[in-house]
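Sequences listed follow chains E and X, in order. Numbering-wise (the numbering used here), the first sequence opens with residue 1 and increments by one. Numbering-wise (the numbering used here), the second sequence opens with residue 1 and increments by one.
2 protein chains.
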Amino acid sequence: MKETKEVVIVGAGFGGLQAVKKLAKRKDLNITLIDRANHHLFQPLLYQVATAVLSPADIAIPSRSLTENCKNVTVIMSNVTAIDKEKRIIFFNDRALKYDYLILAMGAKTSYFGNKEWEKYTIGLKSLTDALKLRKKILFSFEDAENYPENAGKLLKYIIIGGGPTGVELAGSIAELSHNIIRKDFRKIDTSKAEVILIEGGARLLPTFDAGLSDYSKQSLEKRGVKVYLNTKVKNIEEGRVFTESRMFEANTIIWAAGVEPVPFSRELGFQTDRAGRVIVNKFCSVDSNPEIFIIGDMAAFTDDEGKLLPGVSPVAMQQGRYAARTIVNDIKKKERTPFRYIDKGSMATIGRKDAVAELGKVKYKGLFGWLSWLGLHIFYLVGFKNKISILLTWMWSYLTFGAGARVIQSPIDVKDTEVY
Amino acid sequence: MKETKEVVIVGAGFGGLQAVKKLAKRKDLNITLIDRANHHLFQPLLYQVATAVLSPADIAIPSRSLTENCKNVTVIMSNVTAIDKEKRIIFFNDRALKYDYLILAMGAKTSYFGNKEWEKYTIGLKSLTDALKLRKKILFSFEDAENYPENAGKLLKYIIIGGGPTGVELAGSIAELSHNIIRKDFRKIDTSKAEVILIEGGARLLPTFDAGLSDYSKQSLEKRGVKVYLNTKVKNIEEGRVFTESRMFEANTIIWAAGVEPVPFSRELGFQTDRAGRVIVNKFCSVDSNPEIFIIGDMAAFTDDEGKLLPGVSPVAMQQGRYAARTIVNDIKKKERTPFRYIDKGSMATIGRKDAVAELGKVKYKGLFGWLSWLGLHIFYLVGFKNKISILLTWMWSYLTFGAGARVIQSPIDVKDTEVY
Numbered sequence: 001m002k003e004t005k006e007v008v009i010v011g012a013g014f015g016g017l018q019a020v021k022k023l024a025k026r027k028d029l030n031i032t033l034i035d036r037a038n039h040h041l042f043q044p045l046l047y048q049v050a051t052a053v054l055s056p057a058d059i060a061i062p063s064r065s066l067t068e069n070c071k072n073v074t075v076i077m078s079n080v081t082a083i084d085k086e087k088r089i090i091f092f093n094d095r096a097l098k099y100d101y102l103i104l105a106m107g108a109k110t111s112y113f114g115n116k117e118w119e120k121y122t123i124g125l126k127s128l129t130d131a132l133k134l135r136k137k138i139l140f141s142f143e144d145a146e147n148y149p150e151n152a153g154k155l156l157k158y159i160i161i162g163g164g165p166t167g168v169e170l171a172g173s174i175a176e177l178s179h180n181i182i183r184k185d186f187r188k189i190d191t192s193k194a195e196v197i198l199i200e201g202g203a204r205l206l207p208t209f210d211a212g213l214s215d216y217s218k219q220s221l222e223k224r225g226v227k228v229y230l231n232t233k234v235k236n237i238e239e240g241r242v243f244t245e246s247r248m249f250e251a252n253t254i255i256w257a258a259g260v261e262p263v264p265f266s267r268e269l270g271f272q273t274d275r276a277g278r279v280i281v282n283k284f285c286s287v288d289s290n291p292e293i294f295i296i297g298d299m300a301a302f303t304d305d306e307g308k309l310l311p312g313v314s315p316v317a318m319q320q321g322r323y324a325a326r327t328i329v330n331d332i333k334k335k336e337r338t339p340f341r342y343i344d345k346g347s348m349a350t351i352g353r354k355d356a357v358a359e360l361g362k363v364k365y366k367g368l369f370g371w372l373s374w375l376g377l378h379i380f381y382l383v384g385f386k387n388k389i390s391i392l393l394t395w396m397w398s399y400l401t402f403g404a405g406a407r408v409i410q411s412p413i414d415v416k417d418t419e420v421y
Numbered sequence: 001m002k003e004t005k006e007v008v009i010v011g012a013g014f015g016g017l018q019a020v021k022k023l024a025k026r027k028d029l030n031i032t033l034i035d036r037a038n039h040h041l042f043q044p045l046l047y048q049v050a051t052a053v054l055s056p057a058d059i060a061i062p063s064r065s066l067t068e069n070c071k072n073v074t075v076i077m078s079n080v081t082a083i084d085k086e087k088r089i090i091f092f093n094d095r096a097l098k099y100d101y102l103i104l105a106m107g108a109k110t111s112y113f114g115n116k117e118w119e120k121y122t123i124g125l126k127s128l129t130d131a132l133k134l135r136k137k138i139l140f141s142f143e144d145a146e147n148y149p150e151n152a153g154k155l156l157k158y159i160i161i162g163g164g165p166t167g168v169e170l171a172g173s174i175a176e177l178s179h180n181i182i183r184k185d186f187r188k189i190d191t192s193k194a195e196v197i198l199i200e201g202g203a204r205l206l207p208t209f210d211a212g213l214s215d216y217s218k219q220s221l222e223k224r225g226v227k228v229y230l231n232t233k234v235k236n237i238e239e240g241r242v243f244t245e246s247r248m249f250e251a252n253t254i255i256w257a258a259g260v261e262p263v264p265f266s267r268e269l270g271f272q273t274d275r276a277g278r279v280i281v282n283k284f285c286s287v288d289s290n291p292e293i294f295i296i297g298d299m300a301a302f303t304d305d306e307g308k309l310l311p312g313v314s315p316v317a318m319q320q321g322r323y324a325a326r327t328i329v330n331d332i333k334k335k336e337r338t339p340f341r342y343i344d345k346g347s348m349a350t351i352g353r354k355d356a357v358a359e360l361g362k363v364k365y366k367g368l369f370g371w372l373s374w375l376g377l378h379i380f381y382l383v384g385f386k387n388k389i390s391i392l393l394t395w396m397w398s399y400l401t402f403g404a405g406a407r408v409i410q411s412p413i414d415v416k417d418t419e420v421y
């Protein structure tokens, strides 16, 4: 009888989940999936929860539901606190577990690049909690402006810092929400006068995309009423204020979408990390000292054959997750390891209704066709079946009625300050 | 030119909303709807949010969306703090508004019948916040039990106090959730061993229903594994403990569904109230001293011609809301007021999948047919169109797959204690 190997996977994100799926059907393995949350989060649509189009349950699928039919998979909702690499033991809360193989796929968190105090004055967008906080903040800005129209100018100003996909998508959808969707809902304020400001430090939006698409995105956002400031570096942030080199912006809502960094745990592993804190991995998505440990996704700094660092995007994490799983299976079969190779299938970002940019290899799409590709691919990649139908329906409905489906402030006005959402 | 009258409606529940709908199209009226929440809540389905079947947005529709096409309706999200009955001014936060007519439909809140300290140890079910708190508590009880199987006995025990519709529906759906839906999700615990205990002080469940349906509900719940204790009065509640006259129950989750009382504001109006705090209204849903003020729904004690107090259920509130609106229109036309008459169309409560009791006049349904009536009527009464499709879809999906659609814990494990949900 074959020996059963223990595989522990930390993180139910894109990378971890692919590894679980790939290993779930093997009888010679015991899989344990550990995550702080009880769900896999479809992060690319997080901004739609933040802008009241989708509900949390539309983009979050309980990890237990995803693995309920995989008898060799145990899900643990817990916080990993330490790893004993010698004895191959992983610690979480007051429990511990022995592993033969470990896949670390714990992802990233919002990075303030050393300005931790800015966290107090801004809202990031990495978790459901963030998205619900932001949704509440945005929805209350309209309510407060309707109650106090004399303050509408400041209340209806939204600053988004960071011109990557998250920043572009947020700017586009806050503009859409305020300028169109909810315009008829208010009597004392004109929400179409809301100001959406997008600040980017570099010379163009979507810097990882083709320059033509960057220009197109800027024009398209401007047509939708977003004010785009390029080459504008943020020097300081205070309550309701953003300072750049040359001026000061005032706004009630300041959103930080300027960057992420790996979870702090990646620095505590005792492996070599890069400046951002990512574990520097070898061509096998592992480290030479501990080939039984794989580090994948946003936690890892993987340099490809051309010397290029792979970007922190979901396709990298997913391919590395499948690779790590395959490599474990090959290890058990005593096959030699083959290096990981990333296949770039392109990237896309949505700007608004009927408008997105997509770059698939040499092919570039923009406008309606880009948007349709974006729509199709996102629905295709949503993991749960029910979610696909529900989101499709919600989107169709929003599209037809110009309505936002999830504009619910979950708590009444008098618990506004004491509870988060 | 006709004078425009100011009508202020407080509360976007069943009563208030019917009044708004009825008055919204009249050009000689200005309507202001004030509510603490930004949404109308379909309370009869709140227990489905609490047991992770539906999402908040499925049963909560923003008041602004409901009235966006009614130009004479202004929605204010605020807390009403006082009324100057002499000058006919209503105060909310630091603002005030003059009214010609006032409809107070502020509803009820959970009542502990003088034992306020029990609130700390139990969870009620009157708002979305309550439902999300309860959902989180229930979902975490399974997670904690999986992490610490040695404590599973206590963690998987759920006490529901109160055998009215809310208690029966909660008991049925917690039993369904634990005994069936999520059973395959866990590896170290058998969730079918979860104990669901329903405690009722009176001699039967659903005391406002026909006695035959009460018996049926009890048997049906017992078949689903719920332990029903009748004639069992709660004497004291402590952390994790419920004391009755003869014994003590221990459980991690204690749900209080034993009763409601009007919002405290009803006692502050200076009108005569009954022992529960409801304003004693005349046959015009008003008070003799202030015919321009209507008090409807759970805030009001209305005694019908037979001397019977109308129950605190949504059909009463809805009919009174429409009546108040009609009476205002007639007042303006100088027509004499006619008394309000309640038409009892019956009541229903669901016990579980394919099982409900319904009493429609002399006709009584139970089992599958009761459930189908319940399903149809609830979908019919859901206000927003999108919600109807989405809920129907969610239900069909849950039904086919035995899955709970919204089993998402919105915050990760380490914010468990500091944030509410």
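Just so it is clear, CB atoms sit at the ideal spot from N, CA and C, and this is done for glycine as well.
I'd like the list of long-range same chain contacts for residue i, defined as Cβ closer than 6 angstroms, with 5 residues on each side in sequence excluded.
{"i": "I295(X)", "result": "L104, V279 and V281"}
{"i": "L368(E)", "result": "K354"}
Leaving aside the five residues before and after residue i along the sequence, list all residues of the same chain whose C-beta is less than 7 angstroms from its C-beta, in chain order.
{"i": "E143(E)", "result": "none"}
{"i": "L45(X)", "result": "L54, I59 and H378"}
{"i": "S111(E)", "result": "G259, V260 and E261"}
{"i": "V73(E)", "result": "V20, A24, I31, L33 and T67"}
{"i": "N290(X)", "result": "K85"}
Tell me which residues share the same chain as residue i and place their Cβ nearer than 8 angstroms to its Cβ, disregarding the 5 neighbours each side in the sequence.
{"i": "K364(X)", "result": "D210, G212, L213, V357 and A358"}
{"i": "I182(X)", "result": "F142, T191, A404 and R407"}
Give me the Cα-Cα distance between residue i and residue j, rounded to the nearest whole angstrom.
{"i": "E86(E)", "j": "V8(E)", "result": "16 angstroms"}
{"i": "A145(E)", "j": "D28(X)", "result": "27 angstroms"}
{"i": "D130(E)", "j": "L41(E)", "result": "12 angstroms"}
{"i": "D298(X)", "j": "G164(X)", "result": "16 angstroms"}
{"i": "T418(X)", "j": "L128(E)", "result": "The pLDDT assigned to T418(X) is 34, lower than 50, so where the model puts this residue is not dependable, and the model offers no usable value."}
{"i": "E245(E)", "j": "Y148(E)", "result": "32 angstroms"}
{"i": "I76(E)", "j": "I89(E)", "result": "15 angstroms"}
{"i": "D305(E)", "j": "L66(E)", "result": "35 angstroms"}
{"i": "G124(E)", "j": "G162(E)", "result": "11 angstroms"}
{"i": "G225(E)", "j": "G16(X)", "result": "37 angstroms"}
{"i": "M248(X)", "j": "S141(E)", "result": "49 angstroms"}
{"i": "D215(X)", "j": "I351(X)", "result": "12 angstroms"}
{"i": "A171(X)", "j": "R275(E)", "result": "54 angstroms"}
{"i": "K333(X)", "j": "T232(X)", "result": "54 angstroms"}
{"i": "Q48(X)", "j": "G167(X)", "result": "12 angstroms"}
{"i": "T122(E)", "j": "N180(X)", "result": "43 angstroms"}
{"i": "K366(E)", "j": "R322(X)", "result": "51 angstroms"}
{"i": "G240(E)", "j": "L230(E)", "result": "21 angstroms"}
{"i": "S178(E)", "j": "I159(X)", "result": "45 angstroms"}
{"i": "I237(X)", "j": "C70(E)", "result": "41 angstroms"}
{"i": "S373(X)", "j": "R204(X)", "result": "23 angstroms"}
Could you tell me if residue i is buried or exposed, where buried requires 16 or more neighbouring beta carbons within 10 angstroms of its beta carbon?
{"i": "P262(X)", "result": "buried"}
{"i": "T4(E)", "result": "exposed"}
{"i": "T338(X)", "result": "exposed"}
{"i": "E169(X)", "result": "buried"}
{"i": "I343(X)", "result": "exposed"}
Can the beta-carbon of residue i be found less than 8 angstroms from the beta-carbon of residue j?
{"i": "R407(E)", "j": "P62(X)", "result": "yes"}
{"i": "Q219(X)", "j": "L132(E)", "result": "no"}
{"i": "V20(E)", "j": "I31(E)", "result": "yes"}
{"i": "K345(E)", "j": "A251(E)", "result": "no"}
{"i": "E6(E)", "j": "K98(E)", "result": "yes"}
{"i": "L102(X)", "j": "E292(X)", "result": "yes"}
{"i": "M106(E)", "j": "V10(E)", "result": "yes"}
{"i": "L139(E)", "j": "N38(X)", "result": "yes"}
{"i": "A317(X)", "j": "F14(X)", "result": "yes"}
Check whether chain A comes within 8 angstroms of residue i, counting only Cβ atoms and requiring the distance to be less than that.
{"i": "A60(E)", "result": "Looking for chain A here will not work: the only protein chains present are E and X."}
message = Using a Cβ distance threshold of 8 angstroms, determine whether the segment 65 to 85 of chain E contacts the segment 181 to 200 of chain E, with at least three qualifying pairs required.
response = no
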